[in-house]
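Numbering (our numbering), first residue to last: 192 to 465.
For every residue, glycine included, the Cβ atom is placed at its ideal position computed from N, Cα and C.
Structure (structure tokens):
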């Protein structure tokens with residue numbers, strides 16, 4: 192179904208609904224289409240108003256879909272309004288709604304509200320990686336690095352694996368900042384990459400390089416190069432660490448392959464080249 196280009200009156204919405212092959216799911220399908228087409232917010236709002244007047248209420252799933260459109264367009268005041276409505280109407284929100292609210296508010300000037308929501312989530316469930324990362328990026332953007340790292344350590348303690356995207360934010364927003372504590376935290380991120388054998392992609396690598404070069408009084412210089420087969424860096428002649436597995440790491444990997452692939456239920460899918 193194609194969403195209208197301008198807000199409609201009640202009669203016009205009724206006509207569209209009646210002509211739809213499954214009128215009972217018309218509003219849900221229409222909101223999905225609006226999100227997909229990134230419809231103007233006033234068009235979506237006119238449907239929401241029509242539903243409220245017709246039914247005397249707005250279903251939870253329709254509010255979430257409207258919220259998704261607001262987040263997509265960065266409509267901060269609308270996001271706050273939807274949250275206020277939801278808090279009055281529903282005792283507890285599910286994770287999908289919290290994800291949208293935190294993401295939407297963290298990208299706005301009301302980003303601290305996202306931190307409040309994160310605390311709210313903690314009382315009823317384990318926050319998702321996306322919840323933490325939205326708040327970490329917001330704190331980093333506003334150069335509140337102590338707060339960003341506090342959330343990062345909290346996230347790791349809950350066994351949530353950070354994306355390279357959020358690790359990049361640490362380096363991007365710490366450039367030129369003179370702080371021994373901050374430097375220690377960033378070296379900790381590099382150590383995390385090393386210990387988990389995580390290899391940064393080009394944009395993260397560039398951010399790390401620029402951060403090193405921005406350290407006040409550090410005189411660091413980064414170079415893009417190719418490592419020799421011997422494992423030696425041709426720029427500084429440093430010998431890189433061997434990434435060969437230890438006997439313990441090999442045995443752990445072997446056990447996982449036997450358990451998950453050889454004895455697993457999806458043997459063909461897991462072992463076929465495709």
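Check                                                                                                               : Outcome
Residue environment, residue 371, which counts as buried when at least 16 other CB atoms sit within 10 Å            : exposed
Best match in 299, 226, 290 and 213 for proximity to residue 308 [C-alpha to C-alpha]                               : 290
Best match in 248, 403 and 256 for proximity to residue 235 [C-alpha to C-alpha]                                    : 256
Whole-angstrom distance between residue 386 and residue 427, CA atom to CA atom                                     : 22 Å
Residue 378 classed as buried or exposed, judged by whether at least 16 other C-beta atoms fall within 10 angstroms : exposed
Rounded C-alpha distance that separates residue 330 from residue 209                                                : 48 Å
DSSP state of residue 359 mapped onto helix, strand, coil                                                           : helix
Given residue 344 as reference, the closest of 363, 380 and 332 once Cα atoms are compared                          : 380
8 Å Cβ cutoff met for residue 295 and residue 262                                                                   : yes
Classification of residue 213 by the beta-carbon crowding that lies within 10 angstroms, buried from 16 upward      : exposed
Span of the alpha helix (DSSP H) around residue 294                                                                 : 286 to 297
Span of the alpha helix (DSSP H), counted from its first residue to its last, around residue 274                    : 267 to 280
Proximity below 8 Å, CB of residue 180 to CB of residue 359                                                         : Outside the shown range of the chain, which is 192 to 465, sits residue 180, and nothing can be said about it.
Whole-number beta carbon distance between residue 192 and residue 211, since they are thought to touch under 8 Å    : 7 Å
Best match in 238, 324 and 431 for proximity to residue 421 [C-alpha to C-alpha]                                    : 431
Identity of the residue in 433, 383, 311 and 304 nearest residue 282 by Cα                                          : 311
Residue from 391, 315, 396 and 219 whose Cα sits closest to the Cα of residue 254                                   : 219
Euclidean distance between Cα positions of residue 334 and residue 326                                              : 12 Å
6 Å CB neighbourhood of residue 474 in its chain, flanking five on each side removed                                : Because the chain is modelled from 192 through 465, residue 474 falls outside the range shown and cannot be assessed.
Coil, strand or helix - residue 423 by DSSP                                                                         : strand
Segments of 3+ residues assigned as beta strand (DSSP E) that fall wholly inside the segment 322 to 353             : none
Residue burial classification, residue 446 (beta-carbon count within 10 angstroms, cutoff 16)                       : exposed
Reduced DSSP category for residue 374 - H, G, I as helix; E, B as strand; rest coil                                 : helix
Backbone CA spacing between residue 437 and residue 388 [nearest angstrom]                                          : 13 Å
Range covered by the alpha helix (DSSP H) that runs through residue 146                                             : Here the chain has residues from 192 to 465 only, and residue 146 is not among them.
Exposed unless 16 or more other CB atoms sit within 10 angstroms - verdict on residue 270                           : buried
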